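2 protein chains.
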Amino acid sequence: MLVLLVEDNRLLAKNIIHYLELKGIECDYAESIMQADSAVFSRIFDAIILDLNLPDGDGLEACKRWKDQCVISPVIMLTARSGLQDKLSGFEVGADDYLIKPFAMPELVARLKVIAERRPAPKLLKIGELEFDFAGHRVHRLGEELLLSRTGWKILSLLARRSPETVEREEVERLLWPDCLPDSDSLRSHMHLLRKIVDKPYKHHYLHTVRGIGLCLKVAACEA
Amino acid sequence: MLVLLVEDNRLLAKNIIHYLELKGIECDYAESIMQADSAVFSRIFDAIILDLNLPDGDGLEACKRWKDQCVISPVIMLTARSGLQDKLSGFEVGADDYLIKPFAMPELVARLKVIAERRPAPKLLKIGELEFDFAGHRVHRLGEELLLSRTGWKILSLLARRSPETVEREEVERLLWPDCLPDSDSLRSHMHLLRKIVDKPYKHHYLHTVRGIGLCLKVAACEA
DNA sequence: GTCAAATCACGTCAAAATCACGTCAAGAAG
DNA sequence: CTTCTTGACGTGATTTTGACGTGATTTGAC
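Going down the list, the protein sequences come from chains A and B.
Here the first sequence is numbered in this note's numbering, starting from 840 and rising by one per residue.
Here the second sequence is numbered in this note's numbering, starting from 840 and rising by one per residue.
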């Protein structure tokens, strides 16, 4: 089991990580929302432990954003906010469980196990004629499956999660080549390949280039 | 949504039922374990609210029995027993959530909604011609038992639990070698062995490779 | 201000390099 | 003995690279 711990209190974090590892649970660690974002979108966790008071923003917002963007991993909120309204806000933005500080480690582990083993049924995201299944890593257009390469899927799913926002070129490149951006501009080729599969065979085009900015995936105005 | 409320305090029960119905949640009612048993085995509930102190026995035992007998409805325990050990016992026997009395109705509803949407972790599972017995660590295909190695079982059961999701290669490897991922790619060999037993002797193939992503086990489109 | 040249961002394509995977067999570990 | 690991090989898919064309945008001299 692999969990992501998002917690800015380093001492507490260290204790949690240590305890989880004793219990055979592997643990990635983020101490800010920014760090958490890049972790969440780069791999799938069996669960995310989310503190709500973070230096660079509110955990509630982050959780809502993740759920809106079809992040599958279940989220357990870990916080000192103990009011009923606080809890309800947590569940409102998609939390799978809510544990109040101070808490007992064994209870955290018990709840982690429950939410990790019983995942929510995968939801499908529809954008026009496109239908995304993030859990199955598949896309369909008008019922037909689009056979994408690994890179093609990565690009398209990022754009879908952000749709109809425009995603900056650089961000797409960071997703594809996290270590070092390529000297040449091979993203162009990938977009070409992607378009050939996603848009070319169909009437309407969903992949758009915003010159000088980046890329976006959205329903064409004329179609809507 | 249909829930089963198991609670011997009639006044509290009436309040809960009333509140749930306000929220559009249908509610069956049992005031003893005996009544609960007959309800649980006669229909499938989206969730079961289970009080632990009942006139004819302990809720913990009932819960354990249900889970042992593959009742898939999630159970939320509702009790005055607030000790850590009580909670752990609850999760131990398969509870999906644990709420301490006194509680706020809106929180109960929020938690009900979360657990009702989750996919259950069954002990028996059928996927096409395959039949899994997770407790007994056995698989049958068309009635014949498949004799798997320890590793083979681990891989296949993970894929089955997640079916029809695609499980990332890395996650399968983490399951097999929790400590350190192997330098060489021996998962390929295991898949080869596994396919020889699971798929090769039969017409339809269930094990699929999603190139660049991972593996999945599912009923082929053409078969359905 | 305006016009043309230079520059830039992008689409297109194909060849080459690389990678992921299925297959198998021999050896190691239990 | 069975099971697991390793490594080698072949194949086809994927990714990268670089070259070329086009139209937009900037630049700078007039």
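For each residue, glycine too, the CB sits at the ideal point set by N, CA and C.
As the structure is a prediction and not an experimental result, all values here were calculated from the model.
Task: C-beta contact flag for H976/A and G1053/B at 9 Å - done: Yes, the pair counts as a contact, with Cβ atoms nearer than the cut-off.
Task: Closest by C-alpha distance to V845/B, when choosing among G863/B, K862/B, E970/B and L899/B - done: Among G863/B, K862/B, E970/B and L899/B, the Cα nearest to that of V845/B belongs to L899/B.
- [ ] Taking H1031/B as part of the alpha helix (DSSP H), name the residues at either end of that continuous run.
- [x] S1025 to V1037 is the span of the alpha helix (DSSP H), which, as asked, contains H1031/B.
- [ ] Write down the C-beta distance between L838/A and S1002/A rounded to the nearest angstrom, noting that I regard them as a contact closer than 8 Å.
- [x] Since the displayed chain A opens at 840 and closes at 1063, residue 838/A lies outside it and no answer follows.
Task: Residues that E984/A bridges to, as DSSP identifies them - done: Beta-bridge pairing by DSSP links E984/A to H979/A.
TODO: Go ahead and label R849/B buried or exposed: buried means 16 or more other beta carbons lie within 10 angstroms of its beta carbon, across all protein chains shown.
DONE: Of the residues assessed, R849/B falls on the exposed side of the cut-off, its CB having fewer than 16 other CB atoms within 10 angstroms.
Open item on the list: Here's the rule I'm using: 16 or more other beta-carbon atoms within 10 Å means buried, otherwise exposed. How should K1039/B be labelled?
Closed with: Exposed.
Task: chain A contact residues for C1055/B, given Cβ-Cβ distances below 8 Å - done: Listed along chain A are G975, each with a C-beta nearer than 8 Å to that of C1055/B.
- [ ] Count the other C-beta atoms from every protein chain shown that fall within 10 angstroms of the C-beta of G929/A, then say buried if there are 16 or more, exposed otherwise.
- [x] By the 16-neighbour rule on beta-carbons within 10 angstroms, G929/A is buried.
- [ ] Go ahead and label V1006/A buried or exposed: buried means 16 or more other beta carbons lie within 10 angstroms of its beta carbon, across all protein chains shown.
- [x] V1006/A should be labelled buried.
TODO: Starting from I883/A, find everything on chain B with Cβ-Cβ shorter than 8 Å and list it in chain order.
DONE: At a C-beta separation below 8 Å, I883/A has these neighbours in chain B: E1007 and E1010.
Open item on the list: Measuring only the C-alpha atoms, how far is A949/A from D936/A?
Closed with: In this structure, the straight-line span from the alpha carbon of A949/A to that of D936/A is close to 11 Å.
Open item on the list: Give me the chain B residues within the contact set of S877/A, using Cβ-Cβ distance strictly less than 9 Å, ordered along the chain.
Closed with: Residues of chain B passing the Cβ test: none, with the nearest at roughly 17 Å.
TODO: Quick one: using the 10 Å Cβ neighbour count with 16 as the cut-off for buried, is R957/B buried or exposed?
DONE: R957/B comes out buried.
- [ ] Quick one: measure Cβ to Cβ for L841/A and F880/A, integer angstroms, because I've assumed they're closer than 8 Å.
- [x] No, L841/A and F880/A are not in contact; Cβ-Cβ is about 15 Å, not under 8 Å.
TODO: Could you tell me if C909/B is buried or exposed, where buried requires 16 or more neighbouring beta carbons within 10 angstroms of its beta carbon?
DONE: It counts as exposed.
Open item on the list: Would M916/A and L893/A be called neighbours here (beta carbons separated by less than 9 Å)?
Closed with: It is not a contact, given that the beta carbons lie outside the stated cut-off.
- [ ] Using the DSSP secondary-structure output, state which residues sit across from K965/A in a beta bridge.
- [x] Under DSSP, K965/A takes part in a beta bridge, and its partners are E970/A.
- [ ] Please determine, among H857/A, K1035/A, Y868/A and K862/A, the residue with the shortest C-alpha to C-alpha distance to L843/A.
- [x] Residue Y868/A is the option with its Cα nearest to L843/A.
Open item on the list: Taking 9 Å as the threshold (C-beta atoms), are I1036/A and G991/A in contact?
Closed with: Yes, Cβ-Cβ distance for G991/A and I1036/A is below 9 Å.
TODO: Compute the beta-carbon to beta-carbon distance between R1034/B and L1046/B, rounded to the nearest angstrom, for a pair I have assumed lies under 8 Å.
DONE: Right, their Cβ atoms sit about 6 Å apart.
Open item on the list: Would A869/A pass as an interface residue toward chain B - the criterion being a Cβ-Cβ separation below 9 Å?
Closed with: So, not an interface residue.
Task: chain A within 9 Å of I833/B, Cβ atoms only - done: Since the first residue of chain B shown is 840 and the last is 1063, residue 833/B is not available in this structure.
Task: Neighbour list for E946/A in chain B, Cβ cutoff strictly below 9 Å - done: The contacting residues are L923, K926, L927, F930 and Y937.
- [ ] Output, in chain order, the set of chain A residues within a Cβ distance shorter than 9 Å of P894/B.
- [x] Per Cβ cutoff of 9 Å: no residues; P894/B is ~28 Å from chain A at best.
- [ ] From the DSSP output, in three-state form, read off M916/A for me.
- [x] Three-state DSSP puts M916/A in a strand.
Task: Beta-carbon neighbours of V1049/B, restricted to chain A and to distances below 7 Å - done: Those are H976, listed as they occur along chain A.
Open item on the list: Beta-carbon within less than 8 Å of K862/A's beta-carbon, same chain only, minus the 5 sequence neighbours each way: which residues are those?
Closed with: In the same chain as K862/A, and ignoring 5 residues on each side of it, the C-beta atoms closer than 8 Å to its own belong to V948, in chain order.
Open item on the list: Can you check which of these residues, D1024/B, K962/B and A1059/B, is closest to D907/B by C-alpha distance?
Closed with: Of the candidates D1024/B, K962/B and A1059/B, the one whose C-alpha sits nearest the C-alpha of D907/B is K962/B.
Open item on the list: If the criterion is Cβ atoms closer than 9 Å, does the pair A810/A and L889/A meet it?
Closed with: Outside the displayed span of chain A (840 to 1063) sits residue 810/A, for which this structure offers no information.
TODO: Give, in chain order, every residue of the region 846 to 867 of chain A whose Cβ lies closer than 9 Å to some Cβ of chain B.
DONE: For the region 846 to 867 of chain A, the residues whose beta carbon sits under 9 Å from a beta carbon of chain B are, in order, G863 and E865.
- [ ] Report the rounded CA-to-CA distance for H1031/A versus L995/A, giving the unit in angstroms.
- [x] As the crow flies, the alpha-carbon of H1031/A is around 12 Å from that of L995/A.
Task: Closest by C-alpha distance to R882/B, when choosing among W905/B, E860/B, I966/B and D847/B - done: Ranked by Cα distance from R882/B, the first of W905/B, E860/B, I966/B and D847/B is W905/B.
Task: Neighbouring residues, chain A, relative to I1052/B (Cβ below 8 Å) - done: Neighbours of I1052/B on chain A, chain order: H976, R989 and W992.
Task: K993/B beta carbon less than 9 Å from that of L1014/B - done: Cβ distance < 9 Å, so L1014/B and K993/B count as in contact.
Task: Alpha carbon of G967/B to alpha carbon of E984/A, nearest angstrom - done: Taken atom to atom, the span from the alpha-carbon of G967/B to that of E984/A is near 21 Å.
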